[in-house]
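K.L.:
Residue numbering for the sequence shown follows the UniProt record's numbering, beginning at 1 and increasing consecutively. Just so it is clear, CB atoms sit at the ideal spot from N, CA and C, and this is done for glycine as well.
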Amino acid sequence: MAPVSPLYDGSRLLYIVTDKTGVPLDQVNFVTAQFSAILLGFILRAFLPHSAGKPVWRSLFCLIAGISLLYFMIGWSMWIVLLQVAVCYLLLRYLNTGYMQLVVFFFAMGFMLVMYVLRNMKYYDDLCYDATYPLMITTQKITTLAFSISDWKLHQKGVKMQEERLKWSVREIPGFLEYFAFTLSFQGILAGPFCHYNTFRAFIEGNNKERLQESKLAVEYMDDPSTVMRAVVSKIAAVFMWIFITAVVQPKFPDSKNVDPEFIAGHNMLTRLGYLYISLFFQRAKYYVSWILADAVYNASGLGYIGKDKDGKPLWTGMSNVFVWKIETATSLKVYLDNWNIMTSHWLRHVCYMRAPFLNTLLTFVLSALWHGLFIGYYVTFVSAAFFVQAGRKIRQNIRPLFQSSSAAKFVYEVITFLGTQLSLCFLVLSFVILHWEPTIRFHSSFYWCCHIIVGILVIVLPSKRPERDETKSQQPAKQEKQSQDSVKDQEEFPADGDFKLRKREVMSVQKS
Numbered sequence: 001m002a003p004v005s006p007l008y009d010g011s012r013l014l015y016i017v018t019d020k021t022g023v024p025l026d027q028v029n030f031v032t033a034q035f036s037a038i039l040l041g042f043i044l045r046a047f048l049p050h051s052a053g054k055p056v057w058r059s060l061f062c063l064i065a066g067i068s069l070l071y072f073m074i075g076w077s078m079w080i081v082l083l084q085v086a087v088c089y090l091l092l093r094y095l096n097t098g099y100m101q102l103v104v105f106f107f108a109m110g111f112m113l114v115m116y117v118l119r120n121m122k123y124y125d126d127l128c129y130d131a132t133y134p135l136m137i138t139t140q141k142i143t144t145l146a147f148s149i150s151d152w153k154l155h156q157k158g159v160k161m162q163e164e165r166l167k168w169s170v171r172e173i174p175g176f177l178e179y180f181a182f183t184l185s186f187q188g189i190l191a192g193p194f195c196h197y198n199t200f201r202a203f204i205e206g207n208n209k210e211r212l213q214e215s216k217l218a219v220e221y222m223d224d225p226s227t228v229m230r231a232v233v234s235k236i237a238a239v240f241m242w243i244f245i246t247a248v249v250q251p252k253f254p255d256s257k258n259v260d261p262e263f264i265a266g267h268n269m270l271t272r273l274g275y276l277y278i279s280l281f282f283q284r285a286k287y288y289v290s291w292i293l294a295d296a297v298y299n300a301s302g303l304g305y306i307g308k309d310k311d312g313k314p315l316w317t318g319m320s321n322v323f324v325w326k327i328e329t330a331t332s333l334k335v336y337l338d339n340w341n342i343m344t345s346h347w348l349r350h351v352c353y354m355r356a357p358f359l360n361t362l363l364t365f366v367l368s369a370l371w372h373g374l375f376i377g378y379y380v381t382f383v384s385a386a387f388f389v390q391a392g393r394k395i396r397q398n399i400r401p402l403f404q405s406s407s408a409a410k411f412v413y414e415v416i417t418f419l420g421t422q423l424s425l426c427f428l429v430l431s432f433v434i435l436h437w438e439p440t441i442r443f444h445s446s447f448y449w450c451c452h453i454i455v456g457i458l459v460i461v462l463p464s465k466r467p468e469r470d471e472t473k474s475q476q477p478a479k480q481e482k483q484s485q486d487s488v489k490d491q492e493e494f495p496a497d498g499d500f501k502l503r504k505r506e507v508m509s510v511q512k513s
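1) Can you check the stretch 374-440 for any alpha helix (DSSP H) of at least 4 residues that lies completely inside it and give the ranges in chain order?
2) Between which two residues does the alpha helix (DSSP H) holding Asn120 run?
3) Using a Cβ-Cβ cutoff of less than 6 angstroms, which residues in the same chain neighbour Leu303 once the five nearest sequence positions on both sides are dropped?
4) In angstroms, rounded to a whole number, what distance separates the CA positions of Lys160 and Glu172?
5) Use the C-beta contact count for Val289: other C-beta atoms within 10 angstroms, 16 or more gives buried, fewer gives exposed.
6) Check whether the Cβ of Thr329 sits closer than 7 angstroms to any heavy atom of the ligand MG, and report yes or no.
7) Hey, out of Lys252, Arg165, Ala33 and Phe147, whose CA is closest to Ile189's CA?
8) Using the three-state DSSP reduction, which class does Leu293 fall into: helix, strand or coil?
9) Taking the C-alpha atoms as reference points, what is the distance between Leu184 and Ala247?
10) State the CB to CB distance for the pair Ala108 and Ile142, rounded to an integer number of angstroms; the pair is presumed to be in contact (CB under 8 angstroms).
11) With a cut-off of 8 angstroms on the beta carbons, I'd call Leu333 and Lys394 a contact; round off their distance for me.
12) Report the residue from Val170, Glu262, Thr144 and Pro251 whose alpha carbon sits nearest the alpha carbon of Gln156.
13) State the Cα-Cα distance for the pair Cys352 and Met100, rounded to the nearest angstrom.
14) For Gly266, does the three-state DSSP call read helix, strand or coil?
15) For the candidate residues Ala131, Val17 and Pro49, whose alpha-carbon lies nearest to that of Trp76?
16) Can you name the start and end residues of the alpha helix (DSSP H) that residue 522 belongs to?
17) Mapping DSSP to helix, strand and coil, what is Pro314?
18) Between Ser345 and Tyr336, what straight-line distance do the alpha-carbon atoms span, to the nearest angstrom?
19) Look at Ser272 and Ile278 and say whether their C-beta atoms are less than 8 angstroms apart.
20) Is it buried or exposed, Val56, if we count other Cβ atoms within 10 angstroms and call 16 or more buried?
21) In the DSSP output, which residue or residues are listed as bridge partners for Trp242?
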C-alpha cells in the first residue's frame, strides 16, 4: 500500500487512486477539490446569478462550499484556519485604534509563522498539503482588508496617499457573513490567488458588471455561458498538459541533482547550467498546474472578466496569477516578477512596499520569504532577489539606452538580457527549490558565487538614475518607474479585477498586436 504522510489530515476517500498510481494523496485530493470548485462555480452562476439580487445567498454558498472543500483537504485541521480568521475579525471589529491594521497584520503573520514552526519541529522535510497552505491565502486577504479599512479612515482625515491605496480602500468593516465568505470562499481558499474585498463584494452584488460599463469595455459577454465555458475549457486543457509534464517528464530531471556532489564533480559548468535550466523549467510546471486551475475556478464562478480585445475576443485574465509565455520569455527580472504569482506581488506591494518607511525593496522581499515559510532557502532566494532587482534596474537605466539606436542593436540587447535573466533566475530559484543551507552553499560555491559577485559589482558601479517627477508623482513609490508606463488614469480602468497595472498592460498588449 502507498504510504500517506503522517502530516496529512485530509480525506482518505480517494486513497485507492494513490494506491494504484503512487501519486501522493494530498495531490490527488487537491486536483479533485479544484475540479469540484469549478463545478461549484458553474452551479453558482446558474442558480444564484447576481441578477437574481440575492447577495446573502451567494455569500452563504461561497462560504459553505469553501468550508466543505477545506474540510476535504485538511480535515479537522481546518479549525486552525478558522481560528485565525475569527480572531482577526474581532480585531477588525472591536480594536478602535489607529494601529488596528498593524495589530491585525502582525497577528495574522505571527499566527502563520507559529504554525510553520510547529510543522517544522515535527515534520521538517514533509511538504504535503496542510493547514499552512490555506493560511497563506487567508493571511493575504485579512491583512489587505485591514490596511484597506485603515486607508479609508486616513482619507477621511485628509491624509494624502497613493491613488492605488485609495482605490482599494474599504469604507466600512464587513458584516460577519460578508467577512467569512470573503476569507473562506471556495474560489481561492485552497490555492489562491487572493482578491481584494472590493473585488469580492462587487462580484457578490453584481457591481463588477457596472464597473466594466464605466470603463467602456464590453460587458455583453458577462452573462454568456459559452464565453465562460470557452475560457474555463482552454485553461483546463492547459492544466492537463502541465499535469502530464509534472507527472511524466519532471521526475526524469530531479532538481536535487544540481546539488549532488557526484554530479558537480563529474560535469563541466556548461553542462550543469543546461541541466539547471531544464530541471527548473520542469519544476515550474507544478505551479502552472495550481495557478491555471485556480484561475479556471474563478472564471467558472464569473470572476476574472476584464473586457475584450479589438477583435471582440473576451479576456478572462482578471484573476490570472501567472502568464506562462511572459515568464518563459522574460528579458528582465522585473518582467518575470510582474508575471509570476501576480496577486502575491500585488499583496506585497499593497501591505509593505507602498508603506515601508525605508529599504522598501529589501523589506518587501523579506516579507515574501516569511510568508513562504521558514526554510533557509527562501531567505537566500528573496534577500538575493532584492539585489538582483536593483542590478536589473540599473542595467535598464544605464545600459539599455545604448542599444536603442537600431533594430539590430535592440535585438542584440533582447537576446543578451534574455540569457542573462534566465541564468540569473536559475541561480536565484535553486535555493528556493532545494530549501536547505548546506546544498545551497555547495551549489553556489561550485560556481564560485559568480552570479552574486557580478550582481554586486553592477549595484556598486552603475549609477542610479531616477526619472524626473513632479511634486505629486514624487509621492508615489519608487518602484513606479518610468518604464512601467502606468498612470493613475490607467489604474482606474479595472477597479474590480486585481492588479491595475498588470490588467491594463494585458489589454493594451492584446490591442497593439
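P.N.:
In brief:
1) 376-398 and 407-434
2) Met100 to Lys122
3) Phe203 and Met319
4) 19 angstroms
5) buried
6) You won't find the ligand MG in this model; it holds no ligand whatsoever.
7) Ala33
8) helix
9) 30 angstroms
10) 5 angstroms
11) About 12 angstroms; that fails the 8 angstroms criterion.
12) Val170
13) 16 angstroms
14) helix
15) Ala131
16) A question about residue 522 goes unanswered here, because the residues of the chain that appear run from 1 up to 513.
17) strand
18) 11 angstroms
19) The question names Ser, yet the displayed sequence has Arg at residue 272. Taking 8 angstroms as the Cβ cut-off, Arg272 and Ile278 do not qualify as a contacting pair.
20) exposed
21) According to DSSP, which records beta bridges pairwise, Trp242 is partnered with nothing at all.
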